[in-house]
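Okay, so here's the structure we're looking at.
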Amino acid sequence: TLSDRLADTFKNLRGKGRLSEADIDATAREIRIALLEADVALPVVKEFVGAVKERARGEEVSQALNPAQQIVKIVNEELVEILGGETRRLRYAKSGPTVIMLAGLQGSGKTTLAAKLAFWLKEQDKSPLLVAADLQRPNAVNQLQVNGERVGVPVFAPEPGNGVGDPVAVAKASVEEAKRTLHDVVIIDTAGRLGIDAEMMKQAADIRDATQPDEVLFVVDAMIGQDAVNTALAFQEGVGYDGVVLTKLDGDARGGAALSVASITGKPVMFASAGEKMTDFDLFHPDRMASRILDMGDMLTLIEQAEKAFDQEQALKAAEKLTSTGDFTLDDFLQQMQQIRKLGSMSKIMGMLPGMGQFREQLDNFDEREIDRIQAIIQSMTPAERENPKLIDGSRRLRISKGSGTQVSDVNQLVDRFFEARKMMQQMAKGGGVPGMPGMPG
Ligand code: GDP
Ligand code: MG
Numbered sequence: 004t005l006s007d008r009l010a011d012t013f014k015n016l017r018g019k020g021r022l023s024e025a026d027i028d029a030t031a032r033e034i035r036i037a038l039l040e041a042d043v044a045l046p047v048v049k050e051f052v053g054a055v056k057e058r059a060r061g062e063e064v065s066q067a068l069n070p071a072q073q074i075v076k077i078v079n080e081e082l083v084e085i086l087g088g089e090t091r092r093l094r095y096a097k098s099g100p101t102v103i104m105l106a107g108l109q110g111s112g113k114t115t116l117a118a119k120l121a122f123w124l125k126e127q128d129k130s131p132l133l134v135a136a137d138l139q140r141p142n143a144v145n146q147l148q149v150n151g152e153r154v155g156v157p158v159f160a161p162e163p164g165n166g167v168g169d170p171v172a173v174a175k176a177s178v179e180e181a182k183r184t185l186h187d188v189v190i191i192d193t194a195g196r197l198g199i200d201a202e203m204m205k206q207a208a209d210i211r212d213a214t215q216p217d218e219v220l221f222v223v224d225a226m227i228g229q230d231a232v233n234t235a236l237a238f239q240e241g242v243g244y245d246g247v248v249l250t251k252l253d254g255d256a257r258g259g260a261a262l263s264v265a266s267i268t269g270k271p272v273m274f275a276s277a278g279e280k281m282t283d284f285d286l287f288h289p290d291r292m293a294s295r296i297l298d299m300g301d302m303l304t305l306i307e308q309a310e311k312a313f314d315q316e317q318a319l320k321a322a323e324k325l326t327s328t329g330d331f332t333l334d335d336f337l338q339q340m341q342q343i344r345k346l347g348s349m350s351k352i353m354g355m356l357p358g359m360g361q362f363r364e365q366l367d368n369f370d371e372r373e374i375d376r377i378q379a380i381i382q383s384m385t386p387a388e389r390e391n392p393k394l395i396d397g398s399r400r401l402r403i404s405k406g407s408g409t410q411v412s413d414v415n416q417l418v419d420r421f422f423e424a425r426k427m428m429q430q431m432a433k434g435g436g437v438p439g440m441p442g443m444p445g
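See the structure below:
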């Protein structure tokens, strides 16, 4: 399988210290195949792989990850970015009903989606109204009514027996109806053709103009693969839309359409639909789709674990240094402070470090500016003073305070704290354990 093939390439890379041009090329080739197999459109693949190579070249070599993992991580991050980064939420109207219009090819899943969306909104205490503005196919209105019944949401439709209704008039009237009956969201289902069609596009644009939707959603079948791009572009030009909904993700499509459409139109994918049940519907999550497209969920989990383990190791090393002694100088003291700062910013993982729980409170109360001040003071000392702080008499303290832009009292306090810390280090070295973080600013 693809995953295996990628893993093979990565096996070759494992253990290398840095990303060589050949490594990047070999991996880029596999990523390219992976994306094409996921049905991502070729121009999108080309641009994407180019961007990834560029970034891989510029990237500092990670200490936590092997080169293969590092490239996969880059690929994943770029995918998530193109897919919209964060989940894009619905924008509701500030006053009056929020109008959501669905557009897309016939069979893309609009009518099914209308009901799913209505159900989803209902669960969030909205009061949606479904609107049957697809009067093209004889059965379309009925299909929406059946779906509406399933989710317990009323359907606004032209009166039966009035001949062929005018979908624009129906859509327009539905917004008035929603105001009158106090529905706060209007979901307009529209007609589609099997192929892109000027008349259909004009009808959709007319419905849009008549109802001024808050959101126009382009509904696209994830299974159509490469065709998604042309369809998305045609609808962007003919109707325009704010977001994309991907349907039929329960099929075996890897979701390349999501990447193609998002990349080419610049519009976010907002919802994902994955099944025939009314509950098979959710907000779209770029990170989940990225790992689906890449088909490398396991690799991503490994990467996450490797990074976590690395952070933990670094924190442990820093903690070890803190408790080791030797000739403890002001340079060491400064280094410790900087390590504590690092630890502080990693305080989330502190709970995982044995014996570090006791520092928790101190780390939480830690003042970053304090470290900057300590750093400024120590850096204003001569090497001899740092090596042997006993040298630091009154006139030196005045000079240091001036040099570091602090008060003499700050210098006094620091020197006192240093001696205190050193005493503590010596006691610990004699075998007293860790009484507390030495030299922690209060
Ligand atoms: P429309 O022509 O755009 O309104 O599309 P429909 O809502 O009528 O859907 C066309 C077909 O696709 C129907 O048979 C639906 O049951 C099916 N369908 C819609 N959404 C999904 C989905 O997420 N997964 C699957 N497997 N089928 C779906
Ligand atoms: Mg339909």
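In case it helps, the UniProt record's numbering puts the sequence shown at residues 4 to 445. No residue lacks a Cβ here, since even glycine has one placed at the ideal position from N, Cα and C.
Output yes or no for whether 7 Å exceeds the beta carbon distance between Val189 and Ser177.
-> In the sequence shown, the residue the question calls residue 189 occupies position 186. In the sequence shown, the residue the question calls residue 177 occupies position 174. Val189 is a Cβ neighbour of Ser177, given a cutoff of 7 Å.
Over what stretch of residues does the alpha helix (DSSP H) that includes Pro170 continue unbroken?
-> Here residue 170 corresponds to residue number 167 of the sequence shown, with the count starting at 1. Where Pro170 is concerned, the enclosing alpha helix (DSSP H) stretches over 170-184.
Contained beta strand (DSSP E) runs [length at least 3] in the stretch 39-89, N- to C-terminal order | None, since the stretch 39-89 contains no complete beta strand (DSSP E) of that length.
Which residues in the same chain as Thr101 place their Cβ atom closer than 6 Å to its Cβ, once the five residues preceding and following it in sequence are excluded?
-> The sequence position of residue 101 within the sequence shown is 98, counting from 1. These residues qualify, in order along the chain: Tyr95, Val188, Asp217.
Report the rounded CA-to-CA distance for Ala387 versus Ile381, giving the unit in angstroms.
-> If you number the sequence shown from 1, residue 387 lands on position 384. If you number the sequence shown from 1, residue 381 lands on position 378. Rounded to whole angstroms, Ala387 and Ile381 show a C-alpha spacing of 11 Å.
Top-ranked residue by Cα proximity to Leu220, from Val158, Pro70, Ser398, Leu116 = Mapped onto the sequence shown, residue 220 falls at position 217. Answer by Cα proximity: Leu116.
Same chain only: Cβ atoms within 6 Å of Asp253, ignoring 5 sequence neighbours per side = As a position in the sequence shown, residue 253 is number 250, starting the count at 1. Around Asp253: Ala277, Gly278.
Regarding Lys113 and the ligand NAD, is the C-beta to nearest heavy atom distance less than 6 Å?
-> Ligands in the displayed structure: the ligand GDP and the ligand MG; the ligand NAD is not one of them.
Can you give me the Cβ contacts of Phe122 inside the same chain, cut-off strictly under 6 Å, excluding the 5 residues immediately before and after it?
-> Numbered from its first residue, the sequence shown carries residue 122 at position 119. Within the same chain, Phe122 has close Cβ partners Val154, Met281.
Which whole-angstrom value describes the C-beta separation of Thr234 and Leu105, a residue pair presumed to lie in contact below a C-beta threshold of 8 Å?
-> Working through the sequence shown from its first residue, we reach residue 234 at position 231. Working through the sequence shown from its first residue, we reach residue 105 at position 102. Not a contact, Cβ separation roughly 14 Å.
Option nearest Ala424 by Cα separation, candidates Ala118, Pro392, Arg196 = The residue you call residue 424 lines up with position 421 of the sequence shown. Between Ala424 and the set Ala118, Pro392, Arg196, the nearest pair of CA atoms involves Pro392.
Roughly how many angstroms separate the alpha carbons of Gly107 and Leu39, rounded to a whole number?
-> Translated into positions along the sequence shown, residue 107 becomes position 104. Translated into positions along the sequence shown, residue 39 becomes position 36. If you take the alpha carbons of Gly107 and Leu39, they lie about 24 Å apart.
Cβ neighbour criterion (16 or more within 10 Å) applied to Met440 | Counting from one through the sequence shown, the residue named residue 440 turns up at place 437. Only weak support is given to the placement of Met440: the predicted model assigns it a pLDDT of 47, under 50, and the value that follows is read from those uncertain coordinates. By the neighbour-count rule (16 or more Cβ atoms within 10 Å), Met440 is buried.
From the DSSP output, in three-state form, read off Val371 for me.
-> As a position in the sequence shown, residue 371 is number 368, starting the count at 1. Contrary to the premise, residue 371 reads as Glu rather than Val in this sequence. DSSP, read as helix, strand or coil, puts Glu371 in helix.
According to DSSP, residues forming a beta bridge with Leu132 | Along the sequence shown, read from residue 1 onward, the residue named residue 132 stands at position 129. Leu132 is bridged to Val189.
Which term fits Pro46, buried or exposed, when burial requires 16 or more other beta carbons within 10 angstroms of its beta carbon?
-> Numbered from its first residue, the sequence shown carries residue 46 at position 43. Exposed: under 16 other Cβ atoms inside 10 Å.
Could you give the distance in angstroms between the alpha-carbon of Lys113 and the alpha-carbon of Val222?
-> To locate residue 113, count along the sequence shown from 1; it is residue 110. To locate residue 222, count along the sequence shown from 1; it is residue 219. Those two C-alpha atoms are separated by around 6 Å.
Looking at C-beta atoms only, is the number of pairs between the stretch 49-57 and the stretch 291-307 that lie closer than 8 Å three or more?
-> Two segments are said to touch when three or more pairs of C-beta atoms, one from each, lie closer than 8 Å; by this definition the stretch 49-57 does not touch the stretch 291-307.
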